[in-house]
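These protein sequences, in sequence, are chains A, B and C. Quick note, the first sequence lines up with residues 1 to 307 if you use the numbering used here. Quick note, the second sequence lines up with residues 1001 to 1448 if you use the numbering used here. Quick note, the third sequence lines up with residues 2001 to 2269 if you use the numbering used here.
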Amino acid sequence: MSVIQEISRSKQNVSPRRKGDGRWALFFLAPWFVGLALITAGPMGASLYLSFTDYDLLSPAQWVGLENYTRMFDDPRFLNSLAVTFTYVFVSVPLQLAAALGLALLLDKGMRGLALYRSVYYLPSLLGGSVAIAILWRQIFGADGLVNQVLALFGVQGQGWVSHPDYALGTLMALNVWTFGAPMVIFLAGLRQIPQMYYEAASIDGASRFRQFRSITLPLLTPIIFFNLVLQLIEAFQSFTRAFVVSGGNGGPSDSTLLYTLYLYLKGFGSLDMGYASAMAWFLLLIIGGMTVVNFLASKYWVFYDD
Amino acid sequence: MSTNGLRTRHGKRLAASAAGIAAVALTLAACGSGDSGIGGGGGDESPAAAEECPCEIRFAWWGSDSRHESTQKIIEAFEAENPDITVVPDFTDWDGYWDKLATSVAAGDTPDVITQEERYISDYSTKNVLADLGTLEIDTSKVDDGVLAGGQIDGTQYGIPTGINAYAIVADPEIFADAGVELPDDTTWTWEDYVTTANAVSEGAGEGTWGTQDYGFNEAGLSVMARQRGEVLFTPEGELGVSAETVADFFQVSLDLLEGGGQPDAARTVEYQAAGPEGSLLGTNQGAMGAWWTNQLGALSEASGHDLELLRMPGESAGERTGTYYKPAMFYSVSADTAYPQASAKFVDFMLNSQEAADIMLTDRGLPANTEVREAILDGLSPTDQKVADFMAEIEGEIVDNPPVPPHGSAELADIMERVNTEVLFDRITPEEAATQFIEEVNAATAG
Amino acid sequence: MLKHAGLIAFGFVMLYPLLWMVASSFKPNALIFREPGLIPTDIDLSNYTDGWNALLHPFSHYLINSAIVVLGSLLGNLLSCSLAAYAFARLEFRGKRLWFAVMLMSIMLPIHVVIVPQYVLFSQLEWINTFLPLIVPKLLATDAFFIFLMVQFFRGIPRELDEAATIDGANHLRIYLQIMLPLSLPALATTAIFTFIWTWNDFFSQLIFLTRPEMYTVPIALRTFVDSTGESSWGSLFAMSIVSLIPVFIAFLFGQKYLVKGIATTGIK
């Protein structure tokens, strides 16, 4: 048990802070600072400015103050896209992460053909944004697709899931879960980061495998779980390509898959209302930012760092 | 001490970022005004202005691989004739095309020769992105006046139609035969006949085959129905000109078909709609009819492997007048601030009038708008394209007029149509409610 | 045994769409939707030959362009993001939290609203229609996703290691080069795999910044097989999608073995 106690003790035991790494920080951060100043900040600032204008891309932007921001809340399609996005994010992200973690634990070690399994499970992530995915998804969730063929074996008459307003979002969430390969890879890498000696010591102490998992694997994996959670949330809120491709570009049927970023895109490039789209983007940044802050605050209570 | 040093550095970084922001914001504004500043529409630019060639012009278009290939050949033919002009191709798929075009216009990097479409041409011309082609040397004498008018906004020629299409019912005689239903007489059939025919085919052909594919996703059908009643989808002033009653009747046809079994259930209908010509009912031999643009007959025939027929839209003889019209397939436009208006005009003229270009292009950009080269390519067409040409010639005498260019904001029309129609199909709103919603949303889209 | 059976069955379900695509790529265009079964009636390779030659350049041209962009991005991300991550993970400096927040914020805006200002910026620099707008930002660590990823991994490396090194007189550059990088192979492999795949599949920015056909990359080339307004070459699209998946799949097969070369196998301590 001594190792486990050591781990939990060092959690409170913050190592002495070294101040005065400023010059070194500047050295290490130099490329990032240059990129921030030259490439990131300008376009971000420009989009913030444009969010206060009426801008159709084809003629100069006109200052309209807060109008774009106030308009959002009278726009039923905007409110609908918010609801769709929240459903999408809060259902599919936990499912995707659970699948990723489960498979990562299963494919961690001690089995023949690991490399192949990993690669096979990862393949769908490669396809996730392809144009072909719209057709492929119809082969699964269409009226004559795989799901209904299987249901028919049990005598159940299925229906066209992809194209029904009540179920289309579900198929889109399934698509997100299907591409769990990406977080799985990160989990796999994280599992390998855990020093083997902890397990060896724990075995000597006679800890069961479950106890090892709960007391070593899980706490030491929390930084990676946290990372995946933060990133998948940010990603899911900005999810665009899949919804675009699967819905044929318009968030249909009947706006049921109109994710936030898809609506933003349709406004910006379809209706040439880039001012409004920019305002939507900055409002999204507030949502994601707020969510991330909450995540970071909460992380103090469950994420374990070895420093 | 070191923290002090860092603070000043922070200051500098922030200043640098602020400068970056300001630079980009300024450029955006400057480019915008640069674009529109040119003579309020490029109209009073003298085409005779000194133009230096050898020069390079950029031609932007959308489409798929076969169009890219043939267009490249046309460019080569043009360059052979005009060795001092180089044409740079700039092509993508349909969706990517508009994103890219808007971005390059915003940055002041507009292509010299632009392919346009009726959904967007009003947006681009009212923002002074497109040149007045009337002031450029492009020979339009071989293009029918009614067709040419399709590229005019307030009397100014912003686009020249590349070719024409018509909206029609495509029918599969083999499936009609299997179902034991006779092919309808398209010179007399009404909308009721259309519904009863489709229902009869579904009944006769059995499980898994339907009479027709839902037509409610495409505003062209509504436009035809409105015109048959003496209404218009959009007036020349850009107002919505269709009555709520007509819109409701239009959606009612879909519901009647759904109820009578003439078309698949709502979910299937949406699915087939999304699948394009290749995955449509006709393309997969699961349906006897469908409303399509004539230029899609090729893709449909190839996918189905059957010998498909073109029929006039229903209700042409029963209404106040005929509703069918020639739709410009796309337009050739020239940027208002191109450095080389003459070279650009020359290239447009070549694509429009040269027999060489027409022989390569055939019907890829619609049945050629230039009637002279159209005649000359007929013999070289595939059997399907010949069928289209025959059909277009047949209906020519029946066309009363062609609708004006839809107004600014009409790019959203297709999405509105699709949304409203889906709601109707899934029984979430009645046709009457659909009419109200449609009219409200279209008015909102075209108001801005 | 049971475990393997389960994994194989699950794998089949996961791969069904891909298998369908492979099967369809061997069917004539007209039969793809008419006979959508998993087993083609006869093998037809014409989609591969047609697709390879359908565009202005042979498909290999687009594969090479994509490879250039990918390699540039890979180098850029590995180097610049690991540098920045070291600062956030191991150094103490004024405003660290603020800069960390700024870094995260920079990945929270959808690309669609920054692409137009970016285009303006890059056209001022005359970078449009070159690979520079796609590669230079990576050299400057604008893919903050990977900074965050590596910060999380660096923080997992025991402090005692660099404290010991400091006592031996190592400076931060040496700690970064000799302790952090070698011990973070899984994180670097993850970064490499992700950069590879995202860049390989990235459509929007490549579409906007590359204007001439000779500069087109795989995702742009693939889209030109589909035309929502007319005829689409689905067979060619599927065939070339598979062709372009092969390098990515091989990259993953090769790269994934580094995922497992963590601290656990390097035998430190």
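Ideal placement from N, C-alpha and C gives every residue a C-beta, glycine not left out.
Under 7 angstroms between beta-carbons, which chain C residues line up against residue i? List them in chain order, please.
i	result
A/VAL185	THR2190, ILE2193, LEU2259
B/TRP1094	ASP2227, SER2228, THR2229
B/HIS1068	LEU2055, LEU2056, THR2224
Cβ closer than 8 angstroms: which chain B residues qualify as neighbours of residue i?
i	result
C/THR2199	Ordered by position in chain B, no residue passes the 8 angstroms Cβ test against C/THR2199, which lies about 18 angstroms from the chain.
I believe residue i touches residue j by the beta-carbon criterion, under 8 angstroms. Please report the beta-carbon distance rounded to the nearest angstrom.
i	j	result
B/ALA1107	C/TYR2216	Actually they do not touch by this definition, with Cβ atoms about 20 angstroms apart.
B/GLY1261	B/GLU1302	Actually they are not in contact, since the Cβ atoms of B/GLY1261 and B/GLU1302 sit about 28 angstroms apart, beyond 8 angstroms.
B/GLU1056	B/VAL1088	6 angstroms
C/ILE2107	C/ALA2144	5 angstroms
A/VAL177	A/GLN232	Not really, about 11 angstroms apart at Cβ, beyond 8 angstroms.
A/TYR69	A/ALA277	So it is not a contact: roughly 12 angstroms between Cβ atoms.
B/PRO1431	B/LEU1255	7 angstroms
B/ALA1369	B/VAL1113	Contact flag wrong, Cβ pair sits at about 16 angstroms.
B/ALA1329	B/ARG1374	That belief does not hold up - the Cβ atoms of B/ALA1329 and B/ARG1374 are roughly 13 angstroms apart, past 8 angstroms.
What are the start and end residues of the alpha helix (DSSP H) that includes residue i?
i	result
A/TRP219	The sequence given here places Pro at residue 219 of chain A; Trp does not occur at that position. Segment 218-237, the alpha helix (DSSP H) holding A/PRO219.
A/TRP161	Unbroken run through A/TRP161: none, as it is neither H nor E.
B/GLY1108	Unbroken run through B/GLY1108: none, as it is neither H nor E.
B/TYR1167	No alpha helix (DSSP H) contains B/TYR1167, which is instead part of the beta strand (DSSP E) from 1167-1171.
B/GLY1211	Unbroken run through B/GLY1211 is the beta strand (DSSP E), 1210-1212; no alpha helix (DSSP H).
B/ALA1318	Here B/ALA1318 belongs to no alpha helix (DSSP H), and DSSP marks it neither H nor E.
C/ILE2250	2234-2259
A/LEU272	Where A/LEU272 is concerned, there is no enclosing alpha helix (DSSP H), given that its DSSP letter is neither H nor E.
B/MET1456	It is not possible to answer for residue 1456 of chain B, since the shown part of chain B is limited to 1001 through 1448.
C/PHE2131	No alpha helix (DSSP H) holds C/PHE2131; DSSP gives it neither H nor E.
C/VAL2113	2111-2124
C/SER2228	Looking at the DSSP string, C/SER2228 is not in any alpha helix (DSSP H), and its letter there is neither H nor E.
Residue i lies in the beta strand (DSSP E); which residues open and close that run?
i	result
B/TYR1158	Where B/TYR1158 is concerned, there is no enclosing beta strand (DSSP E), given that its DSSP letter is neither H nor E.
A/VAL84	Segment 76-106 is the alpha helix (DSSP H) holding A/VAL84; no beta strand (DSSP E) there.
A/TYR263	Taken as a continuous stretch (DSSP letters only), A/TYR263 belongs to no beta strand (DSSP E), being part of the alpha helix (DSSP H) at 260-265.
B/PRO1089	1085-1092
B/ARG1058	1055-1062
B/GLN1116	1113-1116
B/LEU1310	1309-1311
For a contact defined as C-beta to C-beta under 8 angstroms, what are the partners of residue i on chain A?
i	result
B/ASP1123	ASP56, LEU58, LEU272
B/ARG1058	Those do not exist, as B/ARG1058 stays about 18 angstroms from chain A at its closest Cβ, beyond 8 angstroms.
C/PHE2148	PHE227, VAL230, LEU231
Exposed or buried, residue i, counting other C-beta atoms within 10 Å across all chains shown (16 or more means buried)?
i	result
B/ALA1435	buried
C/HIS2004	exposed
C/LEU2038	exposed
C/MET2001	exposed
A/VAL230	buried
B/GLY1020	Unreliable positioning characterises B/GLY1020 in this predicted model, as indicated by a pLDDT of 47, which lies under 50. The coordinate reading is nonetheless provided below. Buried: at least 16 other Cβ atoms inside 10 Å.
A/TYR301	exposed
A/ARG153	In the sequence on display, residue 153 of chain A carries Leu and not Arg. Exposed: under 16 other Cβ atoms inside 10 Å.
C/VAL2013	exposed
B/GLY1040	Confidence is the limiting factor: at B/GLY1040 the pLDDT is only 31, short of 50, which leaves the residue's position unreliable, though a coordinate-based value still follows. Classification of B/GLY1040: exposed, given that the 10 Å Cβ count is below 16.
A/ARG214	exposed
A/ILE133	buried
B/ASP1044	The pLDDT assigned to B/ASP1044 is 37, lower than 50, so where the model puts this residue is not dependable; a value taken from the coordinates is nonetheless given after this. B/ASP1044 should be labelled exposed.
Between residue i and chain E, is any beta-carbon pair separated by less than 9 angstroms?
i	result
B/TRP1292	Although the question refers to chain E, the structure presented lacks it and instead comprises the protein chains A, B and C.
Nearest to residue i by alpha carbon, out of the options?
i	options	result
B/ASP1093	A/LEU284, A/GLY249, A/LYS267, A/VAL303	A/GLY249
C/ALA2030	C/LEU2259, C/GLY2255, C/GLY2235	C/GLY2235
B/ALA1248	B/ALA1444, B/ILE1429, B/ALA1447	B/ILE1429
B/LEU1183	B/ALA1198, B/ASN1353, B/PRO1328	B/ALA1198
Residues of chain C with a CB under 8 angstroms from the CB of residue i: which are they?
i	result
B/ALA1303	ASN2029, ALA2030, PHE2033, ARG2034
B/THR1197	Correct list: empty, because the minimum Cβ distance to chain C is about 24 angstroms.
B/THR1162	Neighbours of B/THR1162 on chain C: none; closest Cβ ~13 angstroms, over 8 angstroms.
Could you list which residues in chain A have their beta carbon closer than 7 angstroms to that of residue i, in chain order?
i	result
C/PHE2252	SER119, TYR122
C/TRP2020	LEU136, GLN139
By the criterion of Cβ-Cβ separation under 9 angstroms, what are the contact partners of residue i in chain C?
i	result
B/GLN1296	THR2229, GLY2230, GLU2231
Starting from residue i, find everything on chain B with Cβ-Cβ shorter than 7 angstroms and list it in chain order.
i	result
C/ILE2234	Checking the sequence, you will find Trp at residue 2234 of chain C rather than Ile. Residues of chain B passing the Cβ test: GLU1278.
A/PHE269	TRP1098, ASP1099, ALA1102
Which residues in chain B sit within 9 angstroms of residue i, going by Cβ to Cβ distance?
i	result
A/GLN159	ASP1265, ALA1267, ARG1268
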